[in-house]
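K.L.:
Handing you a structure now.
In our numbering, the protein residues as written are 403 to 893.
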């Protein structure tokens, strides 16, 4: 047993002197594995001697070796274990194992458990990952530590590159995992990967040589998960035909792409992103269309990374957003907890259910009802118009179906919008119309318009367009009825 600040038995000398001595002089008694980790930390400036670091400790061989080596190198280590409660008694046994080991080694430990409902299927893996990194970040921020170390290694890197290739990822995905990154966009906490240059077999060999024990998680190799299928079936087959060096070669290729992404593409991408950004969560359509398609998609991937944390943004997601540029305004896409839609001259990214989304455009492709701020809009196509179309309630209008064609777009009015008010011959700015109608300034923001084929047919709920009114020769009409929520006030 050793306490933090003293070397574990396999180091044989005080911890801090191990980092102060040269890694090649053998003064600390470090073996080749420990020297490689020490050199990797120095080369990539991941951790300094004595620097405090939170370590993700699952109880598996990778995290056990990582925690042991970092403690032995003199780092001030705080371990964090996450009990997902996904494997019944085995999850609790993992926790007990980690608790006992940390107590024996004198390593601070935090344990967090998940007590909610997990999604079904493969998405549980992503949900567990999201929860894990939230816990890691909170554990670091609680004590103002800036680094979280995780046990990803060379084999994990090769798997990540191959999985991203199968998924159709762009350069960022093919670059694999970086040695360091922000744990979340804008966070002061960084994730570092000290074992990223090591093979899984070498990590296990080191653990056996040092007498470390660990827990095995059967789900890591379960074929129902993509990574498990890769480990159990695909990589053995590839190695059989292409040799054992294939894992190293794939990981090395990923590292070369990572160099290009980080040192060349990143600066250009940042410049393009900043140029296209017109506000938080808003990308200017003209600016994005001016970019080459490859940079355009990279901007969309970057937008998802920043504004949809936890969602694995890739080239396919970017292509879906790019297709919005060819669609009519109002079409929505959902990525994790983010909704993306096109307005007339911009692409908007906003949290699902936010006030920004509530104030966005809604599209009606056929008869039905949609929820808009303040209530519901019901749309129905009728045959011959009623006897007196002017006799409806204020929130109910009839429009000529030749003018009010599907799809209909319902959106907040914008500066510069114009329409021809019923009874007039010339167009008028909606801003002027609202002033003439004595709509108070604080209520103007709630006014929506109904648009068809780029023309405004109704300023809801004030007046329809002269162009869309029912005429004597109208053979078919569209009825629009707005029903207010009880809490909604009248204009």
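Where a beta carbon is used, it is the ideal one built from N, C-alpha and C, also for glycine.
Does DSSP put residue 425 in a helix, a strand or coil?
P.N.:
As a first step, residue 425 is located in the chain shown; it is residue number 23 there, counting from the start. Reliability of the predicted coordinates at residue 425 is poor, the pLDDT of 35 falling under 50, and no value is obtained from them.
K.L.:
Rounded to whole angstroms, how far is the Cβ of residue 608 from the Cβ of residue 736, which I believe are closer than 8 Å?
P.N.:
Taking the chain shown and counting its residues from 1, the one referred to as residue 608 is at position 206. Taking the chain shown and counting its residues from 1, the one referred to as residue 736 is at position 334. Contact doesn't hold; Cβ gap of about 44 Å is too wide.
K.L.:
Please list the terminal residues of the continuous alpha helix (DSSP H) segment that includes residue 846.
P.N.:
Here residue 846 is taken as the residue at index 444 of the chain shown, counted from 1. Unbroken alpha helix (DSSP H) run through residue 846: 843-846.
K.L.:
Tell me the rounded alpha-carbon separation between residue 687 and residue 704.
P.N.:
As a working note, residue 687 is residue 285 in the chain shown. As a working note, residue 704 is residue 302 in the chain shown. Between residue 687 and residue 704, the C-alpha separation is close to 16 Å.
K.L.:
From the DSSP secondary-structure annotation, give me the bridge partner or partners of residue 482.
P.N.:
Locating residue 482 in the chain shown gives position 80, counting from the first residue. Paired residue(s): 458, 512.
K.L.:
Check residue 880 in the structure and name its three-state DSSP category.
P.N.:
Position 478 of the chain shown, counted from the first residue, corresponds to residue 880. Looking at residue 880 - three-state DSSP - the assignment turns out to be strand.
K.L.:
Taking just the CA atoms, how far does residue 841 sit from residue 781?
P.N.:
Position 379 of the chain shown, counted from the start, is the residue given in the question as residue 781. Position 439 of the chain shown, counted from the start, is the residue given in the question as residue 841. Cα to Cα, residue 781 sits roughly 25 Å from residue 841.
K.L.:
Just to check my reading of the structure: residue 578 and residue 559 have Cβ atoms closer than 8 Å, yes? What is that Cβ distance to the nearest angstrom?
P.N.:
Translated into the one-based positions of the chain shown, residue 578 becomes position 176. Translated into the one-based positions of the chain shown, residue 559 becomes position 157. The Cβ separation is near 5 Å, so the contact holds.
K.L.:
When burial is assigned at 16 or more other CB atoms within 10 Å of the CB, is residue 497 buried or exposed?
P.N.:
To locate residue 497, count along the chain shown from 1; it is residue 95. Answer is buried; the Cβ neighbour count reaches 16.
K.L.:
Do three or more CB pairs link the region 587-605 to the region 545-565 at distances below 8 Å?
P.N.:
Touching, per the Cβ criterion.
K.L.:
Using a Cβ-Cβ cutoff of less than 8 Å, which residues in the same chain neighbour residue 724 once the five nearest sequence positions on both sides are dropped?
P.N.:
Here residue 724 is taken as the residue at index 322 of the chain shown, counted from 1. Contacts found: 695, 698, 699, 702.
K.L.:
Tell me the residue span of the alpha helix (DSSP H) that contains residue 494.
P.N.:
Against the chain shown, residue 494 aligns to sequence position 92. Run containing residue 494: 491-507, per the alpha helix (DSSP H) assignment.
K.L.:
Taking buried to mean at least 16 other C-beta atoms within 10 Å of its own C-beta, is residue 826 buried or exposed?
P.N.:
In the chain shown, the residue the question calls residue 826 occupies position 424. It counts as exposed.
K.L.:
Could you check what DSSP says for residue 805 in three-state terms: helix, strand or coil?
P.N.:
The residue labelled residue 805 in the question sits at position 403 within the chain shown. Coil at residue 805, not helix or strand.
K.L.:
What residue does the beta strand (DSSP E) around residue 858 start on, and which one ends it?
P.N.:
Taking the chain shown and counting its residues from 1, one reaches residue 858 at position 456. 857-862 is the extent of the beta strand (DSSP E) around residue 858.
K.L.:
Within 10 angstroms of its Cβ, does residue 719 collect 16 or more other Cβ (buried), or is it exposed?
P.N.:
In the chain shown, residue 719 corresponds to position 317, counting from 1. So residue 719 counts as buried.
K.L.:
Taking the straight line between their C-alpha atoms, what separation do you get for residue 839 and residue 855?
P.N.:
In the chain shown, residue 839 corresponds to position 437, counting from 1. In the chain shown, residue 855 corresponds to position 453, counting from 1. Approximately 26 Å, taken between the alpha carbons.
K.L.:
Applying the criterion that 16 or more other CB atoms from any shown protein chain within 10 Å of the CB defines a buried residue, is residue 778 buried or exposed?
P.N.:
For the purposes of this step, residue 778 is identified with residue 376 of the chain shown, where counting begins at 1. So residue 778 counts as exposed.
K.L.:
With burial defined as no fewer than 16 other Cβ atoms inside 10 Å of the residue's Cβ, what is the status of residue 863: buried or exposed?
P.N.:
Along the chain shown, read from residue 1 onward, the residue named residue 863 stands at position 461. Under this definition residue 863 is a buried residue.
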